[in-house]
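Protein sequence lines correspond, in order, to chains A and B.
Using our numbering, the first residue of the first sequence is number 85, and each one after it goes up by one.
Using our numbering, the first residue of the second sequence is number 327, and each one after it goes up by one.
Note that beta-carbon positions come from the ideal geometry of N, C-alpha and C, so glycine has one too.
All figures in this text were calculated on a predicted structure; none of them were measured in a lab.
Working notes, beginning with the structure itself.
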Amino acid sequence: MVAKADSTPSEQVHPLDHLIRTDRIPHIWCTGCGIGTVFSSCLKAMISSGIDLEKTCMVSGIGCTGRGAGYLNLDSFHTTHGRAIPFATGLKLGNPNLNVIVFSGDGDLFAIGGNHFIHGARRNIDMTVICVNNLIYGMTGGQVAATTPVNAKTTTTQSGNPDAPFNLPLMAWASGATYVARWTMLHIRELTACIEKALTRSGFSFIEVLAPCPTNYGRRNREKSLETLRLYRDKTIIKNNADPSELDVDFQKGVILGEFVDRERPTCIENYDRTCRAF
Amino acid sequence: MGNRIGLEVSLSAAEAVKMANVDCIAAYPITPQTHIVEHLSELVNDGHLDAEFIPVESEHSAMSVCAGVSAAGARVFTCTSSQGLALMNEIVHIVASMRLPIVTILANRSLSGPLSIWNDHTDVMSIRDCGWIQVFANNGQEVFDHVLFGFKVAENENVMLPLMIHIDGFILTHVIEPVEFWEKDQVEKYLPVFKPVHSLHPDKPVTMGAFGMPFIFSEAKVAQDEPLIQSKSVITAAWKELGDITGRYYKPVETYRNDDAETLFITQGSYGDTVSLVVDELREEGKSVGLVMDRLWRPFPFNEFRDAVKNADNLIIIDRAISYGGQGGPLAIELRSVMYGEKNQPAITNFICGLAGRDMTIKDFKNIYQRAMEKVKGITLEEDYEYYGVRGK
Ligand SMILES: Cc1ncc(C[n+]2csc(CCOP(=O)(O)OP(=O)(O)O)c2C)c(N)n1
Ligand code: SF4
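What follows is the structure in structure tokens.
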């Protein structure tokens with residue numbers, strides 16, 4: 085059930101309140117955290133896209149980002165760490181009428197659950213995957229992730245991270261995703277427009293959103309939230325259709341944002357019906 | 327002995343791992359285990375521990391890396407909790423059958439769902455039958471001592487089995503307690519350099535993890551169970567030697583004022599310390615009460631347990647996990663069976679409590695005592711077990 089916003093004029097009601105379990109507010113997100121902005125962008129896109137919210141389900145894994153599913157006042161599925169995509173796959177295949185949104189963190193989707201991402205994209209399962217990439221495991225206190233930049237300091241790489249991070253859009257493209265975009269949480273209009281587009285098209289759509297984790301990433305890497313936002317403004321380049329191999333997250337070099345992939349491919353269900361049900 | 331200092335139990339656990347001079351740590355973070363791993367990463371980073379620290383991408387990988395490291399003949403440590411253990415489950419069973427002496431701390435936390443990060447023993451009981459040696463440490467000092475003990479026992483050539491140390495999440499991992507460190511030479515004397523019985527080396531090839539066809543599978547399993555059963559003598563010898571060094575003598579079953587007690591509480595983990603205070607208070611009220619704490623969980627110390635309870639009329643078994651649809655909590659189910667056929671048949675009451683960090687205070691244990699006495703006086707126990715303090719029941 086979608087509750088209607090309470091519009092008593094004397095009370096100030098946030099326009100997205102009806103999509104939120106207000107009884108669970110205040111939320112857990114820290115001051116300066118980027119997740120809330122991405123979450124509200126996602127809610128706005130859900131409304132503006134015109135998708136049937138009664139037939140929409142949000143799935144998330146575990147993490148600060150993963151809390152999203154629990155705050156949403158629609159059907160939602162807070163799964164285990166790393167398993168958002170397989171849960172979502174089951175949902176979509178079990179009820180193809182559902183709009184399925186996966187909202188989760190970079191650790192959840194690309195470290196412990198990385199395998200599921202590539203297979204979801206390979207099968208082109210019709211869902212929208214939104215990854216809040218804060219370059220670290222936020223919830224557990226700031227350990228190195230598969231997205232942590234080289235040399236960045238985390239509680240498990242105290243002299244700096246020796247390993248190269250994933251280029252997420254490249255991985256999505258190579259695995260077969262049909263829609264791929266990247267924004268930062270500062271580029272809220274572009275982000276909302278892309279989420280809206282992803283929600284209304286079919287196939288496996290992936291949107292990476294860079295967002296600060298001042299508590300665990302910023303503090304250790306001498307980056308206050310506002311400085312991170314400055315990087316998002318000054319050190320990003322918007323380049324739609326950029327070559328996916330150029331899309332490393334390297335703020336020294338500049339980080340490319342935009343819409344990179346928008347292609348058609350039969351979805352998992354279409355392929356299945358054609359191959360296995362065409363008697 | 328070394329210095330006695332106040333330190334968070336997780337940090338002292340990591341310091342003990344450092345003293346054990348491990349070659350490798352592979353771990354994935356999960357609350358409430360994280361501080362152990364983070365401190366180890368710091369020790370490696372700062373050059374205090376010459377080891378590889380591998381921040382893997384999941385617990386399944388953590389235990390798999392440990393298997394590889396151990397198979398190559400090196401000393402390895404990992405730790406996890408709850409969902410992390412559930413995810414590494416596959417390899418937890420494998421490394422026992424492969425006889426790889428990995429030492430792991432499980433910072434006990436409830437298994438989902440509902441999702442919870444708090445302490446109980448539902449994760450412990452999910453791997454009861456995994457073939458590892460399993461011990462409970464009840465306070466910071468015990469955790470420190472048992473890391474060194476763990477490697478000594480696991481790597482004994484007659485044992486060669488993985489060993490898990492259970493410590494209560496938050497109740498232990500996040501509190502500061504006084505811990506007496508060992509001197510380096512004491513550790514060196516107690517814990518010899520790891521000499522693997524079999525390891526993967528090109529000069530002397532062996533195959534590990536091979537297929538076990540039906541004609542050999544059962545034999546392989548017996549060959550795994552026997553050393554686990556027999557490890558008890560190595561375990562008690564290692565505790566004796568530890569006691570001779572530190573003055574702290576550990577036993578498979580610890581007891582407190584049990585000799586003349588009519589009623590005994592039976593606990594596992596850090597609840598033992600709380601219940602010992604309950605025993606004192608009840609004794610002051612003139613009640614005949616004592617405490618038996620199971621420290622060694624696998625191999626189970628049958629004789630020691632029977633001996634500890636032989637004079638008691640009533641056993642109050644405290645469980646921190648559920649065996650859904652079973653005859654009570656896993657500890658009670660086990661102990662009923664241990665007592666079957668004994669001449670002295672105490673009345674057994676079983677309480678499942680403290681799930682997912684719900685506080686259990688002295689008052690709660692006193693309530694349990696009272697409830698148990700009411701049940702016992704009714705002679706037949708109307709039910710095998712009771713959930714303590716649950717609303718709406
Ligand atoms: C199997 C398992 N392992 C570990 C954890 C602990 N854990 C919870 S969230 C998390 C990482 C969170 O990082 P990310 O997915 O990037 O999300 P963020 O908190 O940064 O939004 C970890 C390791 C868990 N819940 N389950
Ligand atoms: S820890 Fe980081 S990711 Fe989590 S809520 Fe705080 S700022 Fe956000």
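Leaving out five residues on either side along the sequence, give the residues of the same chain with a beta carbon under 6 Å from the beta carbon of residue i.
i, result
"Pro-350 (chain A)", "none"
"Met-327 (chain B)", "Glu-506"
"Gly-466 (chain B)", "Val-335, Ser-338, Glu-503 and Val-505"
"Asp-529 (chain B)", "none"
"Met-223 (chain A)", "Gly-147 and Cys-148"
"Tyr-576 (chain B)", "Trp-565"
Residues in the same chain with beta-carbon distance under 7 Å from residue i, minus the five sequence neighbours each way, listed in chain order, please.
i, result
"Ser-390 (chain B)", "Ile-417"
"Met-85 (chain A)", "Model confidence at Met-85 (chain A) stands at a pLDDT of 43, short of 50, so the residue's coordinates are unreliable; what they give is reported in the following sentence. None."
"Cys-278 (chain A)", "Ala-265, Trp-267, Ile-291 and Glu-343"
"Phe-116 (chain A)", "Strictly speaking, residue 116 (chain A) in this sequence is Gly, with Phe absent from that position. For Gly-116 (chain A), where only same-chain residues beyond five positions count, the Cβ hits under 7 Å are Pro-296, Pro-298 and Ser-309."
"Leu-772 (chain B)", "As displayed, chain B neither begins before 327 nor continues past 719, which places residue 772 (chain B) out of reach and without an answer."
Ignore the nearest five residues each way along the sequence and tell me which others in residue i's own chain have a CB closer than 8 Å to its CB.
i, result
"Ser-557 (chain B)", "Ile-459, Val-479, Asn-482, Asn-484, Val-485, Leu-487 and Pro-625"
"Asp-192 (chain A)", "Ser-144, Gly-145, Ile-146, Gly-147, Thr-149, Gly-150, His-165, Gly-166 and Ala-168"
Is residue j closer than 8 Å to residue i when the C-beta atoms are compared?
i, j, result
"Arg-425 (chain B)", "Val-348 (chain B)", "no"
"Val-344 (chain B)", "His-386 (chain B)", "Sequence inspection shows Lys at residue 344 (chain B); the Val mentioned does not correspond to that position. No, Cβ-Cβ distance for Lys-344 (chain B) and His-386 (chain B) is not below 8 Å."
"Phe-475 (chain B)", "Ala-564 (chain B)", "yes"
"Val-421 (chain B)", "Leu-489 (chain B)", "no"
"Thr-360 (chain B)", "Gly-145 (chain A)", "no"
"Leu-590 (chain B)", "Leu-641 (chain B)", "yes"
"Arg-454 (chain B)", "Ile-443 (chain B)", "no"
"Leu-294 (chain A)", "Asn-217 (chain A)", "yes"
"Gly-598 (chain B)", "Leu-568 (chain B)", "no"
"Arg-646 (chain B)", "Leu-681 (chain B)", "yes"
"Glu-378 (chain B)", "Thr-240 (chain A)", "no"
"Leu-661 (chain B)", "Ile-648 (chain B)", "no"
"Val-122 (chain A)", "Pro-233 (chain A)", "no"
"Gln-227 (chain A)", "Pro-531 (chain B)", "no"
"Ser-596 (chain B)", "Asp-685 (chain B)", "no"
What in chain B is Cβ-close to residue i, meaning under 9 Å?
i, result
"Ala-195 (chain A)", "Tyr-354, Val-382, Glu-383 and Ser-384"
What are the start and end residues of the alpha helix (DSSP H) that includes residue i?
i, result
"Ser-259 (chain A)", "252-259"
"Thr-589 (chain B)", "Counting along the chain, Thr-589 (chain B) falls outside any alpha helix (DSSP H), though it belongs to the beta strand (DSSP E) covering 589-594."
"Trp-565 (chain B)", "540-572"
"Asp-494 (chain B)", "Premise fails: Asp-494 (chain B) lies in the beta strand (DSSP E), 489-494, not in any alpha helix (DSSP H)."
"Ser-423 (chain B)", "408-423"
"Cys-215 (chain A)", "Taken as a continuous stretch (DSSP letters only), Cys-215 (chain A) belongs to no alpha helix (DSSP H), being part of the beta strand (DSSP E) at 211-217."
"Ile-659 (chain B)", "656-665"
With a threshold of 8 Å between beta carbons, is residue i in contact with chain B?
i, result
"Thr-239 (chain A)", "yes"
"Ser-243 (chain A)", "yes"
"Glu-95 (chain A)", "no"
"Arg-347 (chain A)", "no"
"Cys-360 (chain A)", "no"
If the cut is a Cβ gap below 8 Å, which residues of chain A does residue i touch?
i, result
"Ser-733 (chain B)", "Because residue 733 (chain B) is not part of the residues shown, which for chain B are 327 to 719, the question remains open."
"Glu-364 (chain B)", "Gly-225, Gln-227, Thr-239 and Thr-240"
On the DSSP letters alone, give me the boundaries of the beta strand (DSSP E) that residue i sits inside.
i, result
"Gly-198 (chain A)", "Where Gly-198 (chain A) is concerned, there is no enclosing beta strand (DSSP E), although the alpha helix (DSSP H) it sits in stretches over 198-207."
"His-271 (chain A)", "First-last for His-271 (chain A): undefined, no H or E at that position."
"Phe-187 (chain A)", "183-189"
"Met-327 (chain B)", "Where Met-327 (chain B) is concerned, there is no enclosing beta strand (DSSP E), given that its DSSP letter is neither H nor E."
"Glu-624 (chain B)", "In the sequence under discussion, the amino acid at residue 624 (chain B) is Arg, which differs from the Glu named in the question. Here the beta strand (DSSP E) through Arg-624 (chain B) covers 622-624."
"Leu-641 (chain B)", "640-645"
Give a yes or no on whether the minimum CB-CB distance between residue i and chain A is below 8 Å.
i, result
"Leu-375 (chain B)", "no"
"Thr-308 (chain B)", "Coverage of chain B is limited to positions 327 through 719, which leaves residue 308 (chain B) absent and any answer about it impossible."
"Ser-367 (chain B)", "yes"
"Leu-441 (chain B)", "yes"
"Asn-445 (chain B)", "no"
"Asn-434 (chain B)", "no"
Run down chain B in chain order and give the residues with a C-beta less than 8 Å from the C-beta of residue i.
i, result
"Gly-198 (chain A)", "Glu-383"
Taking residue i as the query, report the chain A residues whose CB atoms sit under 9 Å from its CB, ordered along the chain.
i, result
"Gln-409 (chain B)", "Ile-146, Thr-164 and His-165"
"Thr-499 (chain B)", "In chain order: nothing, as chain A lies at least about 13 Å away."
Residues of chain A with CB closer than 7 Å to the CB of residue i, please, in chain order.
i, result
"Thr-357 (chain B)", "Thr-224"
"Thr-360 (chain B)", "Thr-224 and Gly-225"
"Glu-341 (chain B)", "Going along chain A, no residue has its Cβ under 7 Å from Glu-341 (chain B), so there is no contact; the nearest lies around 17 Å."
"Asn-415 (chain B)", "Near Asn-415 (chain B) there are no residues of chain A at all, since even the closest Cβ is about 13 Å away, more than 7 Å."
"Asn-371 (chain B)", "Gln-242 and Ser-243"
Discussion item. Tell me which residues of the region 211-230 of chain A have at least one Cβ-Cβ distance to chain D shorter than 7 Å, keeping chain order.
Written reply: Of the chains in the structure shown, none is chain D; the protein chains are A and B.
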